[in-house]
Every structure is written in structure tokens, then in C-alpha cells.
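Below: the structure, in C-alpha cells.
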Amino acid sequence: MSLIRKTAAELGALIASGEVSAVEVAQAHLDRIAEVDPQINAFLHVAADSALAQARAVDERRAAGEPLGPLAGVPIAHKDVFTTKDMPTTAGSKILEGYRPPYDATVTARLREAGLVILGKTNLDEFAMGSSTENSAYGPTRNPWDLSRIPGGSSGGSSAAVAAYQAPLSTGTDTGGSIRQPAAVTGIVGMKPTYGGSSRYGLIAFASSLDTPGPFARNVLDAALLHEAFSGHDSMDSTSIHEPVPPVVEAARRADVAGLRVGVVKEFGGEGYQPGVLARFREAVDLLESLGAKVVEVSCPSFGYALPAYYLIAPSECSSNLARFDGMRYGLRVGDDGTRSAEEVMALTRAAGFGPEVKRRIMLGTYALSSGYYDAYYGSAQKVRTLIARDFEAAFHQVDVLVSPTTPTTAFPIGERADDPMAMYLADLCTIPANLSGNAAISVPCGLADEDGLPVGLQIMAPVLGDDRCYRVGAAVEKALEDRWGGPLLKEAPSL
Ligand code: GLN
């Protein structure tokens with residue numbers, strides 16, 4: 001089998017045993033990128049020279065008899081919202097064009113420490129605001145299943161890169177669904193860890209109380225290995241949790257659900273859901289039952305208010321976080337010809353540097369936080385947030401995990417929702433509650449919708465710091481479905 005088709009765990013083992021070199025593995029993926037990325041546009045920056053140098057370093061360590069970790073020498077695509085001191089970091093925005101950060105994000109540093117080979121930086125919706133990667137200032141990424149469709153967002157470059165075999169692993173960030181939704185619509189695995197379980201240091205901030213780095217992979221075990229590699233306490237992040245990383249790799253290997261209580265969220269899955277999505281979801285629930293799980297319906301009445309609450313909280317935080325992009329400190333500066341005041345230059349820079357969705361969010365957030373409206377909007381949304389956390393707590397007294405479809409529909413055509421922000425926002429209907437409460441949640445492939453033959457994702461939500469349950473249940477579903485399909489879902493993708 002060609003190197004690009006192997007799993008990350010297999011590649012790590014082959015490299016550690018010396019059967020293949022990390023350089024060969026990196027080169028095979030760089031060749032794949034050169035072959036398919038002109039159509040996919042998953043990468044904003046390919047770092048061929050530094051990738052080969054990192055791979056060479058791993059091969060030298062092995063030759064010197066040093067022990068290598070499970071992912072040493074394995075290639076990875078890195079979302080361009082994490083700072084990297086040796087590569088540009090744009091966050092998908094014109095305002096950061098040409099910006100080279102002076103430091104590495106904690107996630108970046110931990111990838112390097114684990115010996116992962118960073119192939120380059122992946123495309124995203126500008127400042128991670130969107131569900132389709134169409135809001136990137138550098139052109140949309142295309143879904144490898146159907147090049148006329150979106151790969152999800154905001155981490156669409158990362159999902160497409162893994163689905164198109166350009167990398168076995170990639171990083172993402174999930175503020176309202178930006179890992180799980182792209183994973184679902186490209187037929188791969190994407191995990192949002194418990195908030196505070198993975199570091200935000202060096203992650204360009206969108207909504208700081210929600211932003212959560214997490215892994216993408218083509219199977220559950222690979223996602224768990226990557227999760228373990230970059231997660232855990234970080235003193236540089238003030239909201240980082242002082243707890244050990246949950247035993248995610250062990251859980252992915254365990255892959256059984258016997259005796260587990262699974263709650264089906266009653267509020268998700270009615271009008272507005274594609275029939276093929278609901279059909280695959282119901283089959284996945286039946287499968288869990290046949291594997292020995294006890295399935296019950298659970299009501300989470302506040303989940304219906306999650307989307308409006310999110311669209312007050314996330315824009316409010318973004319309006320504050322994005323104030324730092326003023327044309328003075330980073331990247332783009334417009335109109336600084338010696339005749340204009342600093343305020344005028346800032347206004348011109350922000351007008352030219354931010355795209356329409358970012359401007360919309362800054363305006364919404366500024367409004368929601370303005371005096372006289374603060375209590376009615378931001379304050380109410382914060383109260384809803386508490387209610388959602390209580391719904392989760394009550395549910396996890398009854399069940400061990402909650403399940404739902406990851407998204408109401410499969411990948412939609414590029415352009416279809418570009419002029420309809422509400423339709424775009426609905427893509428995150430099922431994913432947002434876990435962000436507002438900080439819970440762990442994963443998306444794993446559960447089949448293809450009958451209408452369009454496109455991938456459907458199953459979302460598995462667990463309590464705070466119960467990340468291992470997501471992997472345990474996800475791996476059990478994966479194992480049973482791959483037996484049925486005769487291999488991973490991706491083998492059905494027509495353009496691969
Ligand atoms: N699609 C959601 C938004 O546009 C979530 C984005 C994300 O998780 N970064 O805000």
C-alpha cells in the first residue's frame with residue numbers, strides 16, 4: 001500500500017522500526033500535495049524544505065538509537081491560525097498577510113516536540129469565522145468528495161487535506177463546531193477536546209471562552225494519538241485545566257460500548273434535517289444498541305437557544321479580540337502617507353484588511369456589548385449558557401454520552417449559502433451546545449446520505465474531562481461500521 005494511504009499509527013511504527021524513513025514519508029505527502037492541491041486549495045503555505053529537514057532530524061535520532069514517540073516522523077497539516085515562528089501565519093485574513101510570528105503556539109511547539117513533521121499551514125475561514133472556508137481571503141477550499149462543494153469550516157483546509165490523503169493528521173480549532181462540522185462533511189474524524197484541555201497560547205483568538213484546539217485524522221485511534229501529543233496543562237494559558245489528559249489512546253484501543261448508557265438528544269433531528277442524515281444517524285443509534293449500549297432519549301430543552309446565544313457571545317468576544325489588528329502592530333497598513341492621523345490609518349487598514357463576515361461579527365459584537373443593550377443581549381446570552389451547562393449536567397446523571405447528527409445536512413455547494421448568513425450559521429446547530437458548556441465532543445463518519453452520496457457524521461458528546469468516552473464510543477462505532485463497509489468510508493470517495 002502506498003505510504004499516503006497508511007494511518008498515522010502505522011507510519012509511526014514503520015518509521016520507528018526503520019522500515020521506512022521519515023524523509024520518504026514526508027516526500028510522499030509533499031508529492032501528493034503537489035499533485036492534488038491545485039484543485040483542493042487546502043494549503044496556504046507548503047513548507048517543503050523545513051518538512052524534509054524535520055524528517056531528516058527524526059531519521060538521525062533513530063539512527064542514533066534514541067527512542068521515538070508514536071508519531072515521530074509522521075506528517076501533519078497545521079491550521080493557519082496557530083503561530084509558527086518559521087512560517088507565515090495569516091488566520092485566513094488579508095490583515096495578516098506577510099505576518100511572521102516571533103514565537104510558536106504551544107500546540108505548534110508540542111507537535112515539534114513529538115517529532116511530527118509540519119508540512120505547511122492550512123486554509124480557513126477568516127479568523128475562523130464561518131462554516132465553509134469560503135470566508136478565507138485566499139479563496140475557498142474544495143471538498144475532495146465533490147470539488148463543487150464546501151469542505152466545512154472554519155478548519156476546512158485541515159479537513160480537506162486529511163480527506164484527500166495530503167496528510168494523515170491535521171490540527172483544527174473548534175469555537176462553535178469548526179472541527180466537528182468539517183470532519184463530518186469530509187468523512188473523517190474530528191475531536192473538540194474539553195475546553196481548557198488543549199492550550200490557546202499562540203492561537204489567534206476568535207472567542208477566547210470557546211476556542212479549543214483539537215485533532216483531525218482518518219480514524220479514531222490516530223485522532224487520539226494526536227490529541228494526546230498536543231494536549232495537557234499549559235501555564236501560558238490562563239484557562240488551561242490543571243488535570244492530566246484523559247486516557248484517550250487507551251479508550252480508542254478499547255473500542256467497546258457494552259453497558260454504556262447512550263442518550264439521544266431529543267431536540268436535534270426534526271425539520272430542517274436532511275432525510276439521509278437522519279437515516280444514517282438512526283442506524284448508528286441502532287448499531288450502538290446492538291453492540292450492547294443502553295439507548296434512551298434525553299431532553300435538553302435549552303439546546304434550542306444555543307445558536308442565538310452563541311451569535312451574541314462569539315461576536316462580542318471577537319469584537320474585543322480583533323481590536324488589536326489596527327495596522328500598527330501586525331501585517332497590513334493602509335494609507336500611512338504622512339498626511340493622515342493614526343485613527344484614519346487604523347480605519348483605512350481595518351476597512352481594507354477585514355472581509356465582510358469579520359466586519360459583520362465586529363458590528364454585532366460591538367452592538368451586543370454597548371451600554372444600554374449589554375444586559376438585554378450579552379447578559380441574556382450568558383444566562384442561556386448556564387442553562388445549557390445545566391442541561392448537560394442533568395443529562396450526564398442519566399447517561400454516559402449523548403449522541404446527535406453532527407450537522408443537519410451534508411456538504412453544500414460552494415456559493416449556496418454565501419449570501420445567507422443565517423443558513424450558514426445553521427450548519428452548527430448541533431455542535432454549538434458543547435462549546436458553550438465546554439464539554440468534549442467528537443464527530444465520526446457514520447455513512448453516506450442516500451440523496452447525494454456524501455458523508456454523514458455522528459456526534460458523540462461527553463462530560464467535561466470525559467474526552468476518553470468520545471474516543472471509546474467513536475472507536476466502537478468505527479470498528480463495527482468498517483467491518484460492514486469493508487474498510488474506511490473514505491474509500492468510497494469518487495475523486496480519490
Ligand atoms: N461556524 C461557526 C462560526 O462561524 C463556528 C466557527 C468555529 O468553530 N471557529 O462562528
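Residue 1 is where the sequence shown starts when you use UniProt numbering, and the numbers rise one by one after that.
Just so it is clear, CB atoms sit at the ideal spot from N, CA and C, and this is done for glycine as well.
Verify the contact flag: Asp428, CB atom, against every heavy atom of the ligand GLN, threshold strictly below 6 Å.
Result yes, Cβ under 6 Å from the ligand GLN.
query = What residue does the alpha helix (DSSP H) around Val477 start on, and which one ends it?
reply = 467-485
- prompt: What does Asn143 pair with, by DSSP beta-bridge criteria?
  reply: Asp146
With the cut-off set at 7 Å, would you say Arg200 and Thr431 are in Cβ contact? no
* To do: If I'm right that Leu221 touches Ala252 with Cβ under 8 Å, what's the distance once you round it to whole angstroms?
  => 4 Å
Item to complete: Out of Asn219, Pro413, Pro151, Tyr378, point me to the one whose CA is closest to Ala309's CA.
Response: The shortest C-alpha separation from Ala309 is found at Tyr378.
What distance in whole Å lies between the Cβ atoms of Ile313 and Arg254, which are believed to be in contact at a cut-off of 8 Å? Arg254 to Ile313, Cβ: 36 Å. No contact.
As assigned by DSSP and simplified to three states, the class of Cys318:
Residue state, collapsed to three classes: helix.
Nearer than 6 Å: is that true of the beta carbon of Asp174 relative to any heavy atom of the ligand GLN? Because some heavy atom of the ligand GLN lies under 6 Å away, the Cβ of Asp174 counts as near it: yes.
Quick one: is Ala63 buried, meaning 16 or more other Cβ sit within 10 Å of its Cβ, or exposed?
-> If you draw a 10 Å sphere on the C-beta of Ala63, you find fewer than 16 other C-beta atoms in it, and that means exposed.
| said: Here's the rule I'm using: 16 or more other beta-carbon atoms within 10 Å means buried, otherwise exposed. How should Arg280 be labelled? | reply: buried
Give the secondary structure of Glu267 by DSSP, where H, G and I count as helix, E and B as strand, and everything else as coil. Under the three-state reduction of DSSP output, Glu267 falls in the coil class, being neither helix nor strand.
request  = Could you tell me if Tyr103 is buried or exposed, where buried requires 16 or more neighbouring beta carbons within 10 angstroms of its beta carbon?
outcome  = Exposed is the label assigned to Tyr103, since fewer than 16 other Cβ atoms lie within 10 Å of its Cβ.
So, using beta-carbon positions, are Thr406 and Ala427 closer together than 7 Å? no
Given Asp80 as reference, the closest of Ala389, Val264, Thr108 once Cα atoms are compared: Checked all of Ala389, Val264, Thr108; the closest Cα to Asp80 is Thr108.
message: Taking 6 Å as the cut-off, is the beta-carbon of Ala128 closer than that to any non-hydrogen atom of the ligand GLN?
response: yes
Review point. Name the DSSP beta bridge partners of His78, please?
Key: Lys121
Legend entry - Own chain, CB closer than 7 Å to Val36, minus 5 neighbours either side, in chain order: Excluding sequence neighbours, Val36 sits near Ala164, Gln166.
Q | Under 7 Å between C-beta atoms of Leu44 and Tyr138 | A | yes
Fill in: Burial state of Gly486, where buried means 16 or more other Cβ atoms lie within 10 Å
exposed
- Which class does Ser445 belong to by DSSP, given the choice of helix, strand or coil? This sequence places Pro at residue 445; Ser is not what is there. Of the three classes helix, strand and coil, the one that applies to Pro445 here is strand, per DSSP.
Practice problem: Indicate whether the contact test is met: 3 or more Cβ pairs, each with one atom in the segment 347-357 and one in the segment 81-99, closer than 8 Å. | Solution: yes
Exercise for the section: Leaving aside the five residues before and after Val162 along the sequence, list all residues of the same chain whose C-beta is less than 8 Å from its C-beta, in chain order. Expected result: Ala77, Pro168, Leu169, Ser170, Thr186, Ile188, Phe216, Ala217, Arg218
> Which residues does DSSP pair with Ser231 in a beta bridge?
Replying inline: BP columns for Ser231 point to Ser198.
Check your understanding: Val296: buried (16+ other C-beta within 10 angstroms of its C-beta) or exposed?
Key -> Burial is judged here by how many other beta carbons sit within 10 angstroms of a residue's own beta carbon; Val296 has fewer than 16 and is exposed.
Over the uninterrupted alpha helix (DSSP H) stretch that includes Pro433, give me the two end residues.
432-437
Less than 7 Å between the beta carbons of Asp211 and Thr106, yes or no? no
Beta-carbon proximity of Leu71 to Ala229, cut-off 7 Å
yes
Tell me where the alpha helix (DSSP H) around Ser17 begins and ends. 8-17
Any heavy atom of the ligand GLN closer than 6 Å to the CB of Gly177?
yes
Exercise for the section: Let me know the alpha helix (DSSP H) ranges lying completely inside the segment 24-71, each 4 residues or longer, listed in chain order. Expected result: Taking 4 residues as the minimum length, the alpha helix (DSSP H) runs contained wholly in the segment 24-71 are 48-63, in order along the chain.
Do Leu260 and Ala293 have their C-beta atoms closer together than 7 Å?
-> yes
* CA nearest to the CA of Ala28, picked from Val46, Ala8, Met346, Ser2 -> Ser2
| query | Helix, strand or coil: which one does DSSP assign to Thr386? | reply | helix
Original post:
With DSSP run on the structure shown, which of helix, strand or coil describes Ala423?
Top reply: Ala423 falls in the helix class under three-state DSSP.
For the beta strand (DSSP E) containing Ile460, list its first residue and its last residue. 455-462
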